[in-house]
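**Student:** Following this message is one structure expressed as structure tokens.
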Amino acid sequence: MSADRAALHEALERGEEEGGNIEFKERLSRDLHLADGRMESLAAQLRHRVLSGDGEATYVVGVTDDGGIAGISPDAFSETMDVLSLLAEEAGAHIDDVETWGVGDDAERGIVGIATIREGAYLESDDNHIIVGTAGHVDHGKSTLVGSLVTGQSDDGNGGTRGFLDVQPHEIERGLSADLSYAVYGFDGDGPVHMDNPHRRTDRAQVVETADRLVSFVDTVGHEPWLRTTIRGLVGQKLDYGLLVVAADDGPTRTTREHLGILLATELPTVVALTKVDAVSEERVSEVEREVERLLRDVGKTPLLVERHGVDAAVDEISSAVVPIVQTSAVTMQGLDTLDQLFEQLPKTSDEGGQFRLYIDRTYSVTGVGAVASGTVTSGSVEAGDTLLLGPMQDGEFREVEVRSIEMHYHRVDRAKAGRIVGIALKGVKEREIDRGMVLVDPEADPVATRSFEADVMVLNHPTRIGAGYEPVIHLETISEAAVFYPEDGQLLPGDTGHARVEFKFRPYCVEEGQRFVFREGQSKGVGTVTKVDRD
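Residues 1 to 536 in full-length UniProt numbering are what the sequence shown spells out, letter by letter.
Right, dumping it as structure tokens:
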């Protein structure tokens, strides 16, 4: 017996032992099970099973009434989950989790699934959810600090809490959750809401479900060779704040300056955390603190020492021009209560108005669900069942797709607003047809596909001059694409601000006036703002 089949049999046997809250169905269809009063009857049956199971019921799909393994096609399974979702909603419940198994020969492989139904409607997206992008040099304690924040656990001095963040989205069991942030915690009336183990999807879902305020972290890469990935993490998400870490035993490095430049060039309000203050003397902490202050002043920013001025002053003053500095230690937990107070009080900065738009950062294909596009909602809101446009495709066209379902941090939601990191299951497209940098947008937004635009740009550093034909990589939202620059005045020198025409080399993208971007090529870097978009 294969491992998959053995696991399936074990799940079926476990379900049979649980008794009255288990229902076996081969499949459910819209035409048959949602028509002529059948929906009300099945919803009442589902409600009965949820109550019999103390708020939880299990539906086994793709099996006969007596529990025999049958298997159904992916399309039939997807339709069954749609119908079951509607029945659960009618019964005041929701689908909390789905496990799937493939059965049969490879040529005619079917699906068997076990859906867990829980009492209560889908979680409404939290209106007080902030997203924080982390940055800093490798080994400066960035991931360790975040691991201690979200768990409330002190580090062992060897980066033990860092392991809570060492999970890539494609390694997550279901692959559906939009876990781009790698970490989340929250607050309720009693203070921080932590997770015992962020690797358990139930722990993360519990935080999302119970907290009155959520804080998600987009964790970036500290190694210099992966600067492109860091830029994508900081530019490609709808961040509210930046969190830059600087180790007290090392001080600011070239990578520190690179990451700070990106955060401030994109006008992102940023907090600096001095980490590892337990590992050095007070004199050394003060020395590094002064180095950070000088670094900030050199780029025209005002440092604010939270230990001296207080959390309330930091909350009131933080901006693209004022940068709070906090001394921290994940080992002694010094300063973590200060960060907790900051993250609990800092206001949401992103605008939730306008028409729905999401730039795609990653894609997945989930058995029984199909293509899933994940990213951060940059404006507006979306609901399950909405029709959206996806694109632009290689030919510049946009395709109509339907929102099958939405998930946030392993928890299914019926609606997502701007600033939320989500995974959206789509009907009407294959996963292989979706690329990073594409956009999901409200059809009424009339999206524009373009291969060129005009921009105001500033050269941060470059060994010589930038002339016509300069070819950097553009990082705009989740777009990372080679482009060609044509400066209006013929050339741009380091420190210059000017106007340029920018042309994507390989394909069109959806770009809007006012969007900010970072460009880089080798050690050359700069920032820009889109001023005019050419319709493709």
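All C-beta atoms, glycine included, are put in the ideal place defined by N, C-alpha and C. Nothing here was measured: the structure is a model prediction, and the numbers come from that model.
(1) Provide the residue(s) that pair with Val112 in DSSP beta bridges, ordered along the chain.
(2) Please report the residue range of the beta strand (DSSP E) in which Leu28 lies.
(3) How should Ala44 be labelled, buried or exposed, when 16 other C-beta atoms within 10 angstroms of its C-beta is the threshold for buried?
(4) Along the alpha helix (DSSP H) that carries Glu317, what are the first and last residues, could you check?
(5) Check the DSSP bridge columns for Arg535 and list the partner residues they point to.
(6) Measuring alpha carbon to alpha carbon, tell me which of Thr378, Ile360, Ser379 and Val422 ends up nearest Ser480.
(7) Using the three-state DSSP reduction, which class does Ser125 fall into: helix, strand or coil?
(8) What are the uninterrupted segments assigned as beta strand (DSSP E) that are 3 or more residues long and contained completely in the segment 319 to 386, given in chain order?
(9) Please identify the residue among Lys525, Asn158, His259 and Leu274 whose C-alpha is closest to the C-alpha of Ile474.
(10) What did DSSP end up calling Lys525 once you bin it into helix, strand or coil?
(11) Taking 8 Å as the threshold (C-beta atoms), are Val208 and Ala183 in contact?
(12) Roughly how many angstroms lie between the CA atoms of Gly428 and Gly102, to the nearest whole one?
(13) Looking at the structure shown, is Thr144 part of a helix, part of a strand, or coil, going by DSSP?
(14) Closer than 7 Å by C-beta to Ile466: which residues in its own chain qualify, once you throw out the five before and the five after it? Chain order, please.
(15) Which of the three DSSP states is assigned to Pro269 in this structure?
(16) Just checking, does the segment 136 to 156 make contact with the segment 237 to 257 on the three C-beta pairs under 8 Å criterion?
(17) Quick check: what's the CA-CA separation for Arg507 versus Ala321?
(18) What is the residue span of the alpha helix (DSSP H) that residue 537 lies within?
(19) Apart from the five residues just before and just after Thr80, which ones in its own chain have a Cβ nearer than 6 Å to its Cβ?
(20) DSSP puts Gly498 in a beta bridge; with which residues?
(21) Count the C-beta pairs between the segment 383 to 392 and the segment 496 to 506 that are closer than 8 Å, then say yes if the count reaches three, no if not.
(22) So for Gln206, helix, strand or coil by DSSP?
(23) Spatial neighbours of Asp126 within its chain, please: C-beta separation below 6 Å, excluding the five flanking residues on both sides.
(24) Roughly how many angstroms separate the alpha carbons of Gly335 and Thr255, rounded to a whole number?
(25) For a test of the three-state rule: what should DSSP assign to Met39, helix, strand or coil?
(26) Return the chain-ordered list of same chain residues with a C-beta closer than 7 Å to the C-beta of Thr531, the five sequence neighbours on each side being excluded.
(27) Out of Ser281, Gly380 and Arg294, which has the shortest C-alpha to C-alpha gap to Pro252?
(28) Count the other CB atoms within 10 Å of the CB of Lys417; is the residue buried (16 or more) or exposed (fewer)?
(29) For Leu342, count neighbouring C-beta atoms within 10 Å of its own C-beta (all shown protein chains included) and say buried if the count is 16 or more, exposed if not.
(30) Consult DSSP for Arg257 and reduce its assignment to one of helix, strand or coil.
(31) In or out: residue 608 buried (at least 16 other Cβ within 10 Å) or exposed?
(32) Between which two residues does the beta strand (DSSP E) carrying Met408 extend?
(33) What is the DSSP secondary structure of Ala418, reduced to helix, strand or coil?
(34) Among residues of its own chain, excluding the 5 on either side of Gly522, which ones have a beta-carbon nearer than 7 Å to its beta-carbon?
(35) Are the beta-carbon atoms of Val533 and Val511 separated by less than 8 Å?
(36) In or out: Ser281 buried (at least 16 other Cβ within 10 Å) or exposed?
**Tutor:** For this structure:
(1) Under the DSSP definition of a beta bridge, Val112 partners with Trp101.
(2) Unbroken run through Leu28: none, as it is neither H nor E.
(3) Per the 10 Å Cβ criterion, exposed.
(4) Start and end: Val311 to Glu317.
(5) In the DSSP output, where bridge partners are listed per residue, Arg535 has none listed.
(6) Comparing Cα positions, the closest option is Ile360.
(7) Reliability fails at Ser125, whose pLDDT of 44 lies under 50, so the model's placement of it is uncertain and the value that follows must be treated cautiously. The answer is coil: DSSP assigns Ser125 none of H, G, I, E or B.
(8) List check, beta strand (DSSP E) in window: 322 to 327, 357 to 366, 370 to 379 and 381 to 383.
(9) With distances taken between Cα atoms, Ile474 lies closest to Lys525.
(10) Correct three-state label for Lys525: strand.
(11) The Cβ-Cβ distance between Ala183 and Val208 does not fall below 8 Å.
(12) Cα-Cα distance, rounded: 22 Å.
(13) In this structure, Thr144 counts as helix in the three-state DSSP scheme.
(14) So the list reads Val459, Phe485, Pro487, Gln491 and Leu492, once near-sequence residues are dropped.
(15) Three-state result, Pro269: coil.
(16) Because the criterion of three Cβ pairs below 8 Å is met, the segment 136 to 156 and the segment 237 to 257 touch.
(17) About 36 Å.
(18) In the structure as shown, the chain begins at 1 and stops at 536. Residue 537 is therefore absent and cannot be evaluated.
(19) Here the set comprises Arg27, Leu28 and Val61.
(20) In DSSP, Gly498 forms a bridge with Val457.
(21) Touching, no.
(22) DSSP places Gln206 in helix when its eight states are reduced to three.
(23) Note that Asp126 has pLDDT 47, beneath the 50 cutoff, so the model's placement of it is unreliable and the number below is only indicative. Excluding sequence neighbours, Asp126 sits near Leu214.
(24) When the Cα atoms are used, Gly335 and Thr255 turn out to be separated by approximately 24 Å.
(25) Of the three classes helix, strand and coil, the one that applies to Met39 here is helix, per DSSP.
(26) Excluding positions up to five away in sequence, the list reads Glu454, Ala455, Asp456 and Glu513.
(27) Of the candidates Ser281, Gly380 and Arg294, the one whose C-alpha sits nearest the C-alpha of Pro252 is Arg294.
(28) It is buried - the Cβ of Lys417 has at least 16 other Cβ atoms within 10 Å.
(29) Result: buried.
(30) The three-state secondary structure of Arg257, taken from DSSP, is helix.
(31) Because the chain spans 1 through 536 in this model, residue 608 falls outside it and cannot be assessed.
(32) First-last of the beta strand (DSSP E) with Met408: Arg399 to Met408.
(33) Assigned with DSSP and collapsed to three states, Ala418 falls in coil, not helix or strand.
(34) Contacts found: none.
(35) In contact: Val533 and Val511 (Cβ atoms closer than 8 Å).
(36) It is exposed - the Cβ of Ser281 has fewer than 16 other Cβ atoms within 10 Å.
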